[in-house]
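Enquirer: First, the structure itself, so that you have it in front of you.
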Amino acid sequence: MELSLLLLEKILSMALMVLMGFAVVKLGAVKAEQSSLLSSLTLYIIVPCMILSAFQVAWTPERLSGLLLALIAAVLLHILYIAITRLLGDKLRLDGVERASLIYSNGGNLIVPLVSSVLGEEYVFYCCAFIAFQTILLWVHLPGLLGGSRKLNLKKLLLNPNILAIIAGVACFLLRITFPPVIADTIDAVSATIGPVAMFMIGMLMADTDLKATFTRLRYWGISLGRLVVYPVLFVLLIALSRVTTYIPMAKEVLVVTVLAASAPVAVSVAQMADLWGGDAKKAGAINVMSVILCIATMPLIIALYQAIC
Numbered sequence: 001m002e003l004s005l006l007l008l009e010k011i012l013s014m015a016l017m018v019l020m021g022f023a024v025v026k027l028g029a030v031k032a033e034q035s036s037l038l039s040s041l042t043l044y045i046i047v048p049c050m051i052l053s054a055f056q057v058a059w060t061p062e063r064l065s066g067l068l069l070a071l072i073a074a075v076l077l078h079i080l081y082i083a084i085t086r087l088l089g090d091k092l093r094l095d096g097v098e099r100a101s102l103i104y105s106n107g108g109n110l111i112v113p114l115v116s117s118v119l120g121e122e123y124v125f126y127c128c129a130f131i132a133f134q135t136i137l138l139w140v141h142l143p144g145l146l147g148g149s150r151k152l153n154l155k156k157l158l159l160n161p162n163i164l165a166i167i168a169g170v171a172c173f174l175l176r177i178t179f180p181p182v183i184a185d186t187i188d189a190v191s192a193t194i195g196p197v198a199m200f201m202i203g204m205l206m207a208d209t210d211l212k213a214t215f216t217r218l219r220y221w222g223i224s225l226g227r228l229v230v231y232p233v234l235f236v237l238l239i240a241l242s243r244v245t246t247y248i249p250m251a252k253e254v255l256v257v258t259v260l261a262a263s264a265p266v267a268v269s270v271a272q273m274a275d276l277w278g279g280d281a282k283k284a285g286a287i288n289v290m291s292v293i294l295c296i297a298t299m300p301l302i303i304a305l306y307q308a309i310c
């Protein structure tokens, strides 16, 4: 329970940052479309620096085992979410944007600053497993959902800044390479900005959304609550039934990172990819905004459930 209260406190702090981004647009200081600059900075500079920083830790068998456990959990999580969505998709007449919104969570921009402040910098290391696997799916699986090509673009995948940073980070971790102090300090300073920058960006996008119209769409409520409550509860129950936290050392501490990612709001990438592949980007953005607002209440409850039964 203590962790869930600490999480709530941090989420409220980040919500205030979102309001700042919202306010500067509404006051006319900046335009909502200028959030694309923050998005580019986050994708190409801040998140890669965060990943490199996370891997600058001493190699230990425990850390390697924890990273592998986090990767396995990320794979099983996405298999579960894709399977449930495929099972329910036709019955509920879900379109591509709705299916993608249920499957893909914001496991990077939102979760990394939360993990860093609530659990500690050392746990950001385990976030990288989720980010790596989800990034692959974003280029392999998501385009097909949104009406794009189902053919894997290996070049785009391998040149993705997050993937490049993860490859470099893993190499440094396994080969026990540490950066010189001036480089390490620079990377740490840049990575520390991910929380405010990501929240300002969300707030700016929110200011360009018709909140009244969004919150009167019952279908958006259903998708958002599925993403924030139903799916993560099923994942937590799966962990509890597997009893993995009782017989694998550090499993409970490592898997809380995956549970946080599992209960996060809809990934911003869904709207970005929808725009790229001809999907309904406006709808994707509206669902994203609703889920971001609702997660203030739902994420601490999911973590409280995880702590209680796992």
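So in UniProt numbering, the last spot in the sequence shown is 310, and the numbers never skip. A virtual CB, placed ideally from N, CA and C, is assigned to each residue, including glycine. Just so we're clear, the structure is a prediction, and the values are computed from it rather than from any experiment.
If we count Cβ pairs, one from each stretch, closer than 8 angstroms, do we get three or more for the region 10–29 versus the region 111–122?
Expert: In short, these stretches touch, since the Cβ pair count reaches three.
Enquirer: In chain order, what residues of the same chain lie with their CB nearer than 6 angstroms to the CB of Cys295, ignoring the 5 residues before and after it?
Expert: Around Cys295: Leu228, Pro265.
Enquirer: Any chance the region 241–249 sits against the region 269–286, with 3 or more Cβ pairs inside 8 angstroms?
Expert: Contact fails: fewer than three Cβ-Cβ distances are below 8 angstroms.
Enquirer: The alpha helix (DSSP H) that contains Asp275, what's its start and end?
Expert: 268–277 is the span of the alpha helix (DSSP H), which, as asked, contains Asp275.
Enquirer: Please look up how many angstroms separate the CB atoms of Ser263 and Met206, rounded, as I've assumed it's under 8 angstroms.
Expert: That belief does not hold up - the Cβ atoms of Ser263 and Met206 are roughly 20 angstroms apart, past 8 angstroms.
Enquirer: Could you have a look at Ser40 and say whether DSSP puts it in helix, strand or coil?
Expert: Of the three classes helix, strand and coil, the one that applies to Ser40 here is helix, per DSSP.
Enquirer: What did DSSP end up calling Ser105 once you bin it into helix, strand or coil?
Expert: Correct three-state label for Ser105: strand.
Enquirer: Is the separation between the beta-carbon of Ile287 and that of Ser101 shorter than 9 angstroms?
Expert: Yes, they are a contact pair.
Enquirer: Relative to the C-alpha of Gly147, which residue among Val254, Val270, Val289, Gly169 is closest?
Expert: If we check each option's Cα against that of Gly147, Val270 comes out closest.
Enquirer: For Gly226, I'd like the list of residues in its chain whose CB is within less than 7 angstroms of its CB, leaving aside the five on either flank, ordered along the chain.
Expert: The answer, listed in chain order, is Leu102.
Enquirer: Quick check: the Cα distance between Val75 and Asn109, rounded to an integer number of angstroms?
Expert: Their backbone Cα atoms lie some 19 angstroms apart in a straight line.
Enquirer: If you count every other CB in all the chains shown that lies within 10 Å of the CB of Leu67, and 16 or more means buried, which is it?
Expert: That one is buried.
Enquirer: So what does DSSP say about Ala264, is it helix, strand or coil?
Expert: Looking at Ala264 - three-state DSSP - the assignment turns out to be coil, as it is neither helix nor strand.
Enquirer: Could you give the first and the last residue of the continuous alpha helix (DSSP H) run that contains Met250?
Expert: Run containing Met250: none; DSSP gives neither H nor E here.
Enquirer: Can you give me the start and stop residues for the alpha helix (DSSP H) that Cys295 sits inside?
Expert: From DSSP, the alpha helix (DSSP H) with Cys295 extends over 281–309.
Enquirer: Anyone know if the C-beta pair for Val256 and Leu157 falls short of 9 angstroms?
Expert: Not in contact: Val256 and Leu157 (Cβ atoms no closer than 9 angstroms).
Enquirer: Over what stretch of residues does the alpha helix (DSSP H) that includes Leu157 continue unbroken?
Expert: Unbroken alpha helix (DSSP H) run through Leu157: 154–158.
Enquirer: Cβ of Ile239 within 9 angstroms of Cβ of Cys310?
Expert: Their beta carbons are under 9 angstroms apart, which means Ile239 touches Cys310 by this criterion.
Enquirer: Should Glu62 be labelled buried (16 or more other beta-carbon atoms within 10 Å of its own) or exposed?
Expert: Under this definition Glu62 is an exposed residue.
Enquirer: For Val57, which three-state DSSP category applies?
Expert: Val57 falls in the coil class under three-state DSSP.
Enquirer: Going by DSSP, what residue range makes up the alpha helix (DSSP H) through Asp210?
Expert: Unbroken run through Asp210: none, as it is neither H nor E.
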